[in-house]
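See structure below.
Protein chains in written order, with my numbering: chain A, -2 to 553; chain B, 28 to 243.
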């Protein structure tokens, strides 16, 4: 690639960085800087995370007793639906890609910005419009269909704000699509000189695979949800059996996106974990190529497994068998990742910093979440476990134990890069341990409850299950505490944290070779990459990690 | 030529005009992939129902106006030709001919929409709009025939929306070219509109036989 610089680049020196480049509110709302847009997303999704968390707390509070004493069944339906909608569409799907991905993709590949900065800003506005329409629907009455919106209940019978919520999700989908297109083009076209595909950090591979899923899956669910809304408003008969339609067809189309959507949430987290494990073990990622291609394999096979959500419908048993086998197949690339992370840690110089605690927590919880997924992918077992708390526990192990642990680990790891300040290590480790304990206390009892037959989406249950429900609810108290602590110390660190310096972890990777926080256009000179990623063993990284401990030479 | 034009429009995030051009083209193709999946879902829904209800769909599709549909197919195919010529003259740097063929393409697109509007109006007069006033003989097929027309309006409506967006974008392009705005100095914006337009055309090439030409 030629190094011709056809336009003089803005040089910011003397402590100028992307945060203090301009301080007006307008400069934030009209920014096209990927780092500032990442911060906008960070604030927005944190807002939605705490709304979703509040709804989760209401669910658990209601389940403390076997009777429905806090709310009516109708309201309970609304609360768990809105918890699911907010957490999935407004928090988990944008979480790692839109915050960490937005911030890091250009930095990691040595680019000045994403390929389409204005599209990137537009994606945030689209997300906010969708988010606020969704909030409006909730405040004015809520939605009670479950986050899955199965017709004919959603299209004909529900009296809640289904149409408005569907419109909100339709709009939000386009913000995902914009981000996905931006990442694909950026990763293809904007890599620094010398940064070949197999020199890319695994974080980038994971985001590439995620973007492919977003681009292929999101339009399908967008049009499907829109058709449900159209059916509801105009009384057309597309999915309603009373009007000639087939509700199972909706389920096929919904899960064609919504199963891969699970991988939209977990793949970026896996990318984060690869970075953390390698850095805090001071070792190359074991079997780099296998880990890279396992992301692609999960993206591809993930599109062929949706029928495992429909084993108990009229779906043909032969189709069920195929879907079951293909679902087992996803376990292979997932296991490749887990084994390779473990092998990376083997004989490494492991440093138990807060991000590493999250990473190790991720591996353990993901193994439990993944293996229980194999139980659910088995036809006979699923008939017993379908729509029980076993399913609820399984996907929370993936989405909270996996995606949120990856998100929090990554947020702590790159916090010094994003803000220039270190978070306080001691209390961060404490919070990580509280979250781990609270998480397991909340969700492990739900496996047992599900095995015993407790159905999801009910708030009345036999008294003999109360002990397990009380355990689960008390876990939420810990979990809430664990989530609240980082909110305070991360905000505190913005002013009072130790100055981080460019590379506080002694990590490899281009993002650590520029200042913290980076200048508006990321690098003083376009970096040139001359070696493999994670070359920790090529260099003796000292305890104190001086500037330039980075392992790649810069073309100065 | 590219260098000369690139000097005016190179964005800060790109190193070279080539990189910028390639990024925009790859971005447009990726966007078209999302569009394929968007329409693909509706096509899949339609095909599932058509296979399941072939006989009634056959009866229902006889109500469609094949000559008008065929005329519209010709109009759209011609508009793809004129759009290709627009891009050709944009690459040659001939602003006058570029503008001329862009306007012809717009005129053809509007023709398509007008004809489509007449078709919709005929359906309305014949009581074929799904809903309480939907009429179909024989009555025992009414429910499935209504399904066919629901899909017909959903699919052609979604396509017509894309045509309308295309007209809007082309109108903006035409104004920018007419005032010699720097952002349309090189051919990339026109090429991107061209890719979009060919996509819209191809969707119709699938829609026409799927909806209008169901074999007995």
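We treat Cβ as the ideally placed atom computed from N, Cα and C, and that holds for glycine.
Taking all protein chains shown into account, residue 110/B has 16 or more neighbouring C-beta atoms within 10 Å of its C-beta and is therefore buried. In this structure, residue 477/A places its C-beta atom within 8 Å of the C-beta atom of residue 50/A. Residue 234/A has its alpha-carbon roughly 33 Å from the corresponding atom of residue 91/A.
DSSP lists 385/A as the beta-bridge partner residues of residue 452/A. Closer than 8 Å to the CB of residue 187/B there is not a single CB belonging to chain A.
DSSP links residue 496/A through a beta bridge to 418/A. The region 449 to 457 of chain A makes no contact with the region 394 to 414 of chain A, as fewer than three CB pairs between them are under 8 Å. Annotation: the continuous alpha helix (DSSP H) that includes residue 105/B extends over 93 to 119. Cβ-Cβ distances below 7 Å link residue 302/A to 256, 320, 323, 324 and 327 in the same chain, with the five nearest sequence neighbours on each side left out; the list follows chain order. Here residue 426/A carries a helix assignment [DSSP, helix/strand/coil]. With a threshold of 8 Å between beta carbons, residue 220/B makes no contact with chain A. DSSP places residue 135/A in the uninterrupted alpha helix (DSSP H) bounded by 114 to 136.
DSSP, reduced to helix, strand and coil, places residue 149/A outside both helices and strands of the structure shown, so it counts as coil. Less than 8 Å separates the beta-carbon of residue 88/B from that of residue 241/B. In this structure, residue 44/A sits away from residue 83/A, with a CB-CB distance that is not shorter than 8 Å. With contacts defined as CB atoms closer than 8 Å, residue 170/A and residue 527/A fail to qualify as a contacting pair. Distance from the CA atom of residue 149/B to the CA atom of residue 98/B, rounded to whole angstroms, is 16 Å.
Contacts with chain B (Cβ-Cβ distance below 9 Å) from the region 109 to 136 of chain A involve 109, 110, 111, 112, 113, 114 and 116, listed in chain order. Following the DSSP letters along the chain, one finds residue 234/B inside the alpha helix (DSSP H) bounded by residues 215 to 239. Taking 8 Å as the cut-off, the Cβ atoms of residue 177/A and residue 75/A do not count as close.
Interface with chain B (8 Å Cβ-Cβ cutoff): residue 242/A is included.
Not one beta carbon of chain B lies nearer than 8 Å to the beta carbon of residue 200/A.
In the structure shown, the three-state DSSP call for residue 90/B is coil. In summary, residue 232/B is exposed, with fewer than 16 beta-carbon neighbours lying within 10 Å of its beta-carbon over all protein chains present.
Here residue 318/A is exposed: its Cβ has fewer than 16 other Cβ atoms, across all protein chains shown, within 10 Å. In the structure shown, residue 320/A falls within a helical segment according to DSSP collapsed to helix, strand and coil.
Chain-ordered, the chain A residues with CB closer than 8 Å to the CB of residue 171/B read 241. Cβ neighbours of residue 160/A within its own chain (closer than 7 Å, five residues either side excluded): 226, 229 and 230. Using a Cβ distance threshold of 8 Å, residue 199/A and residue 268/A count as a contacting pair. In this structure, the CA atom of residue 95/B is about 10 Å from the CA atom of residue 101/B. For residue 75/A, the uninterrupted alpha helix (DSSP H) run begins and ends at 70 to 82, by DSSP.
Secondary structure note for residue 15/A: it is in no alpha helix (DSSP H), with a DSSP letter that is neither H nor E.
Closer than 8 Å to the CB of residue 183/B there is not a single CB belonging to chain A. In the three-state scheme derived from DSSP, where H, G and I count as helix and E and B as strand, residue 379/A is classed as helix. Interface residue (Cβ-Cβ distance to chain B less than 8 Å): residue 32/A is not classified as such. Around the beta carbon of residue 131/A, 16 or more other beta carbons sit within 10 angstroms, so the residue counts as buried.
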